[in-house]
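A.B. asks: Pasting a structure below so you can have a look.
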């Protein structure tokens, strides 16, 4: 797989997401629980792109729904004062321990079935 | 709200996520549809942190489940060759048009009810 | 497809579900919103049975997770004083109108794309 | 709580759901995995009724989305040849054992935290 070079969200984009919420005075609705519901709701709009046909999907719709999930994740990071890089690395530590290469390679089993 | 300064995921972290998948030969399981399911599944593990009590949640569990959602979003960006910054900005263009400040300020209504 | 004859949930089973909640004094947690979250959470445990392999699933796990979804749906019907038969028929009226046989036959398109 | 007397889905309604699918030749799309996705998608449309405000919800919308979840659950029962009454009772056996009244009464903790 060839990966894109310009793959990281820019600081300006994060600022734009924050300003969007602030300008609309929507922080009052952004409780952690409401944001968790919102992430699930958007994740399912993304899933709907693959509901009946997993091969021929609408790429434009996928991009938009995935972006919605990402924006709500950013809202939750902000709401809880979390550092994305830190929590992802902490979780990757756990994932690497739960799925050792020797056991997990080429298998889709859950860690407790390996 | 005071935001964290070090909030952007580092390139090294993105490389770590990619290497995790490659080392385990898991790219074969990462169809866009499977990743969409995975984002929804992890979003609901996050939601479970707020199932019966929305105020007193386990912050550690929230961080881990949110990180899982973010990692699968990264997997999907990579799988589809999408630039996170680009798709988020394209969606923010739409969101800003759908929810004009004058109409949406302080209201949680959906755009078609504004 | 051959359908089972004994397919309807018995009155005694509905009573059992209600008694389960009452005995544990759990009605206090069963707000409509909490039940909606619970239905989504259990639906995603069901979805997890098909996360990486849609053909070879654990039938026992599927039965249990599907039962969990059904039990929470029953809790919500009870909480809101809804008659299952009535709301399903009202929705089927709408579905039949939205997806006329002539247009929808053999197609998985959403009604607004037909 | 006062419960409705006429609460069980009628055999005719189950037949109506089956005929709806058959008339449209949609059984081909109803793989167990696709139905699991559909249950999650509809569960999240239900959840959306409670996204920002858990108290003032649109009762009509809730009824319709709940009905959609129930219809897809019926589709899955039919697809897998499952008896609703049987799988619900089997799961209630487990739930009653996992949450003994003495330990669980008045508490919303998960069984492994009781």
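Protein chains in written order, with the numbering used here: chain W, 1 to 114; chain Y, 1001 to 1114; chain G, 2001 to 2114; chain A, 3001 to 3114.
Here a beta-carbon is modelled for each residue, glycine too, at the ideal position from N, C-alpha and C.
Return the CA-CA distance between residue 69 of chain W and residue 39 of chain W, expressed in angstroms with no decimal places.
C.D. replies: Distance between the alpha carbons of residue 69 of chain W and residue 39 of chain W is about 5 Å.
A.B. asks: Secondary structure at residue 2102 of chain G, three-state DSSP: helix, strand or coil?
C.D. replies: Note: residue 2102 of chain G maps to helix in three-state DSSP.
A.B. asks: May I have the straight-line CA-CA distance separating residue 1112 of chain Y from residue 2018 of chain G, to the nearest angstrom?
C.D. replies: Answer to the nearest angstrom: the Cα atoms are 38 Å apart.
A.B. asks: Grouping DSSP H, G and I as helix and E and B as strand, with all else coil, what is residue 996 of chain Y?
C.D. replies: Since the first and last residues shown for chain Y are 1001 and 1114, residue 996 of chain Y lies out of range.
A.B. asks: Can you tell me the Cα-Cα spacing of residue 116 of chain W and residue 2094 of chain G, whole angstroms?
C.D. replies: Residue numbering for chain W in the displayed model covers 1 to 114; residue 116 of chain W lies beyond these limits and cannot be assessed.
A.B. asks: By the three-class DSSP mapping on this structure, what secondary structure does residue 3092 of chain A have?
C.D. replies: Three-state DSSP puts residue 3092 of chain A in a helix.
A.B. asks: By the criterion of Cβ-Cβ separation under 9 Å, what are the contact partners of residue 2053 of chain G in chain W?
C.D. replies: Simply 108.
A.B. asks: Output the distance between the C-alpha atoms of residue 2096 of chain G and residue 1015 of chain Y, rounded to the nearest integer angstrom.
C.D. replies: In a straight line, the C-alpha of residue 2096 of chain G is about 50 Å away from that of residue 1015 of chain Y.
A.B. asks: If the cut is a Cβ gap below 7 Å, which residues of chain Y does residue 2066 of chain G touch?
C.D. replies: None at all; the shortest Cβ gap to chain Y is about 15 Å.
A.B. asks: Can you look up residue 1085 of chain Y in the DSSP assignment and give me helix, strand or coil?
C.D. replies: Residue 1085 of chain Y: helix per DSSP, three-state reduction.
A.B. asks: Out of curiosity, what's the CA-to-CA distance linking residue 2033 of chain G and residue 2081 of chain G?
C.D. replies: If I take the Cα positions, the gap works out to 15 Å.
A.B. asks: What residues in its chain sit with their C-beta under 7 Å from that of residue 3046 of chain A, if we drop five residues either side in the sequence?
C.D. replies: Answer for residue 3046 of chain A: 3062, 3065, 3066, 3069, listed in chain order.
A.B. asks: Considering only the alpha carbon of each residue, which of A/3098, A/3100, A/3074 lies closest to residue 3009 of chain A?
C.D. replies: The shortest Cα separation from residue 3009 of chain A among A/3098, A/3100, A/3074 belongs to A/3074.
A.B. asks: Report the residues of the segment 3079-3091 of chain A with a CB closer than 9 Å to any CB of chain G, ordered along the chain.
C.D. replies: The segment 3079-3091 of chain A vs chain G, Cβ under 9 Å: 3079, 3080, 3081, 3082, 3083, 3084, 3085, 3086, 3087, 3088, 3089, 3090, 3091.
A.B. asks: Would you kindly check if the distance between the Cβ of residue 2023 of chain G and the Cβ of residue 3101 of chain A is under 9 Å?
C.D. replies: Yes.
A.B. asks: Taking 6 Å as the limit between beta carbons, can you name the residues of its chain near residue 3076 of chain A, skipping five residues before and five after?
C.D. replies: Correct list, in chain order: 3035.
A.B. asks: Hey, how far is the Cα of residue 28 of chain W from the Cα of residue 1029 of chain Y?
C.D. replies: Roughly 40 Å between the two C-alpha positions.
A.B. asks: The alpha helix (DSSP H) with residue 2114 of chain G in it runs from where to where?
C.D. replies: Segment: none, residue 2114 of chain G is in no alpha helix (DSSP H) and carries neither H nor E.
A.B. asks: Report whether the distance from the Cβ of residue 2026 of chain G to the nearest heavy atom of the ligand HEM is below 8 Å.
C.D. replies: The ligand HEM is not part of the structure shown, which contains no ligands of any sort.
A.B. asks: Compare the C-beta of residue 37 of chain W with all C-beta atoms of chain G and state if any pair is closer than 9 Å.
C.D. replies: Yes, residue 37 of chain W counts as interfacial toward chain G.
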